[in-house]
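Structure, as structure tokens:
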Amino acid sequence: CVRERECMCVCVCVSLCVSLCVCMCACVRVVVQQLNKTILKMAESLVHKTELKDFFSDLEEKCIDPCRQWEYSPDQMCNFISAMLESCKHLEQLTKRRRTHLAYEKYLKTVHTCVYQFASARKR
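Numbering (the working numbering), first residue to last: 16 to 139.
Encoded structure:
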């Protein structure tokens, strides 16, 4: 599982760093690792959540607020999640397990929508 996370981080970094200079890529890698870990832990914790509002408050507190501190726009946050979604197509463990892959895609699409809505609403 750790190897898969590292592979996903590399895929996300590559897709985000295509247009950035090398010095910025190192910074992006740290942010990607932190956000990737946070989003995946939130997915794992959904099994134990009793109320959906806990998921939304976690998303705001652990994902959106740090992005605001790094001065990421809602579009930049969504680009990150889109890069995560794209990278899951290249993970061998997910492609072998069709149901897991579909569940992961649905989860990331939901996170994408929520992040955009929350971040845009706060920006106004």
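Every residue gets a Cβ at the ideal spot worked out from N, C-alpha and C, and that includes glycine.
(message) Using the three-state DSSP reduction, which class does Val130 fall into: helix, strand or coil?
(response) Translated into positions along the sequence shown, residue 130 becomes position 115. The answer is helix: DSSP assigns Val130 an H, G or I state.
(message) Quick check: what's the CA-CA separation for Thr65 versus Tyr131?
(response) Stepping through the sequence shown from its first residue, residue 65 is reached at position 50. Stepping through the sequence shown from its first residue, residue 131 is reached at position 116. Roughly 24 Å between the two C-alpha positions.
(message) Using 8 Å for Cβ pairs, my map puts Tyr119 next to Cys103. What's the rounded Cβ distance?
(response) Position 104 of the sequence shown, counted from the first residue, corresponds to residue 119. Position 88 of the sequence shown, counted from the first residue, corresponds to residue 103. Correct: roughly 6 Å between the Cβ atoms.
(message) Among the candidates Thr125, Trp85, Ile79, whose CA atom is the shortest distance from the CA of Val45?
(response) As a working note, residue 45 is residue 30 in the sequence shown. Ranking Thr125, Trp85, Ile79 by Cα distance to Val45 puts Trp85 first.
(message) Under 8 Å: do the region 58–77 and the region 93–111 share three or more Cβ pairs, one atom per stretch?
(response) no
(request) Give the secondary structure of Leu74 by DSSP, where H, G and I count as helix, E and B as strand, and everything else as coil. (result) As a working note, residue 74 is residue 59 in the sequence shown. Helix.
(request) Find the nearest neighbour of Phe70 within the set Leu117, Val47, Asp80, Met57, judged by alpha-carbon distance. (result) Counting from 1 along the sequence shown, the entry for residue 70 is found at position 55. Nearest option by C-alpha distance: Met57.
(message) Quick check: the Cα distance between Leu55 and Lys77, rounded to an integer number of angstroms?
(response) Within the sequence shown, residue 55 is the residue found at index 40, counting from 1. Within the sequence shown, residue 77 is the residue found at index 62, counting from 1. In a straight line, the C-alpha of Leu55 is about 12 Å away from that of Lys77.
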